[in-house]
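These notes concern the structure reproduced below.
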Amino acid sequence: MDINYVNVMNSLKLMGMGMAAIFIVIIVIYAAVSIMLKATANNK
Numbered sequence: 183m184d185i186n187y188v189n190v191m192n193s194l195k196l197m198g199m200g201m202a203a204i205f206i207v208i209i210v211i212y213a214a215v216s217i218m219l220k221a222t223a224n225n226k
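In our numbering, the protein residues as written are 183 to 226.
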C-alpha cells in the first residue's frame with residue numbers, strides 16, 4: 183500500500199483550517215449573543 187505524504191499533509195492542513203473556522207464562528211456567535219443580552223437587559 184502506497185501512502186502519498188503530500189496528500190496526507192494537505193488533508194491535515196485542510197482539517198486544521200476547518201476546525202479553526204468552526205472555532206472562530208463559535209466565538210463570533212458568543213460575542214453577538216453577549217452583546218444582545220447586554221443591549222436588551224432590563225434595569226430592575
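Note that the Cβ used here is the ideal one computed from N, Cα and C, for glycine as well.
Source: prediction; values computed, not measured.
Start and end residues, alpha helix (DSSP H) containing residue i
i, result
"Met197", "187–221"
Cα-Cα separation between residue i and residue j, rounded to whole angstroms
i, j, result
"Asp184", "Ala203", "31 Å"
"Ser193", "Met201", "12 Å"
"Asn227", "Val207", "The question about residue 227 has no answer, for the chain in this structure spans 183 to 226."
"Val215", "Thr222", "11 Å"
"Ala213", "Phe205", "12 Å"
"Met197", "Asn189", "12 Å"
"Met218", "Ile209", "14 Å"
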